[in-house]
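Have a look at the structure below, then the notes.
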Amino acid sequence: MTLFKAKQANSDPQLALLNLRLTPLTQNIPSPGEISMGRKLRTNFNVPCRQQPNRFNETIREQLQTMKQTQKEYHDRSCKDLQPLYTRSTSTRAKL
33 MTLFKAKQAN
43 SDPQLALLNL
53 RLTPLTQNIP
63 SPGEISMGRK
73 LRTNFNVPCR
83 QQPNRFNETI
93 REQLQTMKQT
103 QKEYHDRSCK
113 DLQPLYTRST
123 STRAKL
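The numbers in the sequence shown follow this note's numbering, run straight up by one, and end at 128.
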């Protein structure tokens with residue numbers, strides 16, 4: 033349930049945020065809440081059981097890095113370099 037749906041249904045927005053933080057990223061990568069806490073967390077909705085160890089090993093970290101790298105590559109396709117800032121040679125002062 034998203035925040036918009038929670039607002040429409042007059043339900044608790046904190047519960048919607050909890051569900052969002054506990055939703056796994058992919059089948060092999062645990063949820064952001066589990067990654068940050070380093071352990072399995074309980075939720076109030078049904079999540080399929082995954083055969084995962086409690087500790088997060090290097091393969092999960094590598095998968096997260098590759099996901100971030102591909103996202104960065106897609107973002108960088110449409111980015112442009114910034115123009116240099118214009119600097120004045122004289123200083124300006126405000127009168128009081």
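From the three backbone atoms N, C-alpha and C, an ideal C-beta is built for every residue, glycine too.
None of the values given here were measured: they were computed from a predicted structure.
- Pairing S43 with R53 gives a Cβ-Cβ distance that is not under 8 Å.
- Annotation for L52: the continuous alpha helix (DSSP H) segment containing it runs 45 to 53.
- Collapsing the DSSP output to three states places Y106 in a helix.
- Shown here, S63 sits in coil according to DSSP, grouped into three states, outside any helix or strand.
- The Cβ atoms of Q95 and N60 sit closer than 8 Å to each other.
- Take the alpha-carbon of L47 and the one of R71: they are about 20 Å apart.
- When the beta-carbon positions are compared, L73 and G65 come within less than 8 Å of each other.
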